[in-house]
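Some notes on the structure that comes next.
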Amino acid sequence: MSSKVPIRLSVNGRVRELDVEPRLLLVHLLRDQLGLTGTHVGCDTSNCGACTVHLDGEAVKSCTVLAVQADGTKVTTIEGLAHGDELHPLQEAFWEDHALQCGYCTPGMIMAAADLLARNPDPSEEEIRHGLEGNLCRCTGYHNIVKAVQDAAEVMHGSAVADRQEVSV
Amino acid sequence: MITAEFDYVAPGSLDGALHALADGGEDAKALAGGHSLLPLMKLRFAAPALLVDLRNVPGLRSIEQENGGWRIGALTRHADLQAREDLGVVAQAAALIADQQVRNRGTIGGSLAHGDPASDLPAVLLALEGAVTVRGRAGTREIAASDLFEDYLTTAIAAGEILTDVRIPALAGWGHAYEKFTRRAEDWAMVGVCALVRRADDGTCADVRVAFTNMGSTPLRATATEQALRGGPLDAESIGRAAEQAAEGTEPPADLNATADYKRHLARVLTRRALQQAAGT
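Residue numbers (my numbering), protein chains in the order written: chain A, 1 to 169; chain B, 1001 to 1281.
In structure tokens:
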């Protein structure tokens, strides 16, 4: 067997030090070793996006990242998105807008949407559809997902404006 | 899906990476973003015994102007390229690669060294008449795009060499376009076309380059189309006529999504669209 490799990474703000087999995928590290089962395995071929997490703030498909490649990075999963009991605006909007049915794609969809809104805080409908093309949903027809991202963008934009006003006072 | 077992190192210098690759011999592979290599390893189409991860090698992720052109470090990601409109057709094509998650990991050096004719950047490098710099233990050498792609997944980069930089000449005054047809947005191109056009002062075509993604075992230039346009008018009719010759001499591989004839049809249609966009007609 190939020798294990020591890695050190931050997962949802908590530093983890582990020895891992080189072929261990990040998604399996998160689910099987750290118990963070919110990140799902869908297609396992970097198509469906169900396994999307953030690596240093950017969305990646964790079925196509080796755990050893995540050494020294900050990983955020769906479990790390909320602030305590307060849901992230995207989580709130997915709930309010009924942007999920079976829910399998939802964690990845929300993590991809968070990357999209970080790049483009005020996206058009077309930009949202384009921005989420790496995530497949077989239930909703995407309509309510797009609506939820628009609503979350508005809430986040509103609070960003409020933050700026607070600073300027 | 789990890959076969392999050993893993992530050296902190290019020399360290070259040594590790040399020690690993033919069973060692360099790893950049991993978005070409890891899917093949998960399917067990590839089973290297050693992965030499380049992520700790300094200086490989950069976009710099040099001699009026660009020098792009091998580990520069598609997401870095897509955000740089001043890179012209490189940025335009990078934004169309797969999806944002893949673009956040995949790198220009990894894509070019992998040499998949269905990936987008090889055809773009060929049309731009760019080059790559590779470093081996014997020294550094430059490989022109026209010499780089030898066959399906086969490049002129030797075992033990590492692609470090991509060089793209300045193309001031050229119009550009990259057109791609896919079944789903995130899929590989059924066919892609990179078109570059330079107009003379009198409006005619001073120079033109057209290159294909996925029309053969390597990226290809559409020489008949280029010859038909060069020196002549650049109106819609001339472009339409030249585009009709786009698929001449090509033997595109049929796949699940498209027959060879359908790919030739796509090549003609996409060449016309790309040329019109690049010529601004």
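Virtual Cβ for every residue (Gly too), placed ideally from N, Cα, C. Fair warning: this is a prediction, and the values are worked out from it, not measured in the lab.
Which residue comes first and which comes last in the beta strand (DSSP E) that contains residue i?
| i | result |
| --- | --- |
| K74/A | K74 to T76 |
| Y1008/B | D1007 to V1009 |
| H54/A | T52 to L55 |
| R1241/B | Where R1241/B is concerned, there is no enclosing beta strand (DSSP E), although the alpha helix (DSSP H) it sits in stretches over A1236 to A1243. |
| R1184/B | Note, R1184/B: premise wrong, no beta strand (DSSP E); not H, not E. |
By the criterion of Cβ-Cβ separation under 8 Å, what are the contact partners of residue i in chain A?
| i | result |
| --- | --- |
| R1055/B | Q69 |
| E1186/B | N47, E133 and G134 |
For residue i, does the three-state DSSP call read helix, strand or coil?
| i | result |
| --- | --- |
| V169/A | Any answer about V169/A is weak, because its pLDDT of 42 lies below 50 and its placement is not dependable; what the coordinates show is given next. It is coil, neither helix nor strand. |
| L36/A | coil |
| E1129/B | coil |
| G1069/B | strand |
| A1206/B | strand |
| G961/B | Because chain B in this structure spans residues 1001 to 1281, residue 961/B falls outside the shown range and cannot be described. |
| W95/A | helix |
| C1194/B | strand |
| R1268/B | helix |
| D1080/B | helix |
| R1103/B | helix |
| V1089/B | helix |
| T1164/B | strand |
| I1002/B | coil |
| T1213/B | strand |
| G80/A | helix |
| E1251/B | coil |
| P22/A | coil |
| H28/A | helix |
| R16/A | strand |
| E133/A | coil |
| S10/A | strand |
At a CB-CB cut-off below 7 Å, which residues of chain B make contact with residue i?
| i | result |
| --- | --- |
| R23/A | I1002, T1003, E1005 and F1006 |
| A59/A | Q1100, Q1101 and N1104 |
For residue i and chain A, any beta-carbon pair shorter than 8 Å?
| i | result |
| --- | --- |
| E1192/B | Looking at the sequence itself, residue 1192/B is Gly, so the reference to Glu does not match. It does not; no Cβ of chain A falls within 8 Å. |
| A1098/B | yes |
| V1102/B | yes |
| G1109/B | no |
| L1087/B | no |
| H1035/B | yes |
| L1081/B | no |
| L1121/B | no |
| L1051/B | yes |
Is there a Cβ from chain B that is less than 8 Å from the Cβ of residue i?
| i | result |
| --- | --- |
| T106/A | no |
| L66/A | yes |
| A50/A | no |
| A44/A | Note that residue 44/A corresponds to Asp in the displayed sequence, not to Ala. Closer than 8 Å: yes. |
| S124/A | no |
| A2/A | Before going on, a small fix: residue 2/A reads as Ser here, not Ala. It does; some Cβ of chain B falls within 8 Å. |
| D115/A | yes |
| V169/A | Confidence at V169/A is low in this model, with a pLDDT of 42, below 50, so the placement of that residue should be treated as unreliable; the coordinate-derived value is given next. Cβ-Cβ to chain B under 8 Å: no for V169/A. |
So residue i contacts chain A; which residues on that side make the cut at Cβ distance below 7 Å?
| i | result |
| --- | --- |
| E1142/B | Result: empty, since nearest Cβ-Cβ is about 29 Å, beyond 7 Å. |
| P1039/B | T45, S46 and T64 |
The alpha helix (DSSP H) spanning residue i covers which residue range?
| i | result |
| --- | --- |
| I1157/B | Element bounds for I1157/B: n/a, residue is neither H nor E. |
| P1039/B | L1037 to K1042 |
| I1097/B | From DSSP, I1097/B is part of no alpha helix (DSSP H); its letter is neither H nor E. |
| L117/A | T106 to R119 |
| D1053/B | That residue, D1053/B, is in no alpha helix (DSSP H); its beta strand (DSSP E) goes L1050 to D1053. |
| L1018/B | L1014 to G1024 |
| S1146/B | A1145 to L1148 |
| A1028/B | No alpha helix (DSSP H) contains A1028/B, which is instead part of the beta strand (DSSP E) from A1028 to L1031. |
| A1224/B | T1223 to L1229 |
Can you pull the chain B neighbours of residue i, defined as C-beta to C-beta under 8 Å?
| i | result |
| --- | --- |
| V5/A | Y1008 |
Counting only Cβ pairs nearer than 9 Å, list the residues of chain B close to residue i.
| i | result |
| --- | --- |
| A112/A | D1099, Q1100 and Q1101 |
Counting beta carbon pairs with one atom in the segment 1193-1205 of chain B and one in the segment 1121-1132 of chain B, are three or more of them shorter than 8 Å?
Yes, since at least three Cβ pairs between the segment 1121-1132 of chain B and the segment 1193-1205 of chain B fall closer than 8 Å, the two stretches touch.
Do the segment 87-103 of chain A and the segment 142-151 of chain A make contact, defined as three or more Cβ pairs closer than 8 Å?
yes
Should the segment 60-73 of chain A be regarded as contacting the segment 12-29 of chain A, the criterion being three or more beta carbon pairs within less than 8 Å?
yes
Three Cβ pairs or more, each shorter than 8 Å: is that satisfied between the segment 1091-1109 of chain B and the segment 1012-1022 of chain B?
no
Would you say the segment 1035-1042 of chain B touches the segment 1098-1107 of chain B, given that touching needs at least three Cβ pairs under 8 Å?
yes
Count the C-beta pairs between the segment 1150-1161 of chain B and the segment 1169-1178 of chain B that are closer than 8 Å, then say yes if the count reaches three, no if not.
no
State whether the segment 1153-1167 of chain B contacts the segment 1232-1249 of chain B, with contact taken as three or more CB pairs (one from each stretch) at a distance under 8 Å.
no
Counting pairs of Cβ atoms below 8 Å between the segment 72-80 of chain A and the segment 130-140 of chain A, do you hit three or more?
no
Cβ contact check for the segment 1210-1219 of chain B and the segment 1247-1260 of chain B: 3 or more pairs under 8 Å
yes
For the segment 1174-1181 of chain B against the segment 1238-1245 of chain B, are there 3 or more C-beta pairs whose distance is under 8 Å?
Not touching, per the Cβ criterion.
Counting pairs of Cβ atoms below 8 Å between the segment 1049-1064 of chain B and the segment 1072-1083 of chain B, do you hit three or more?
yes
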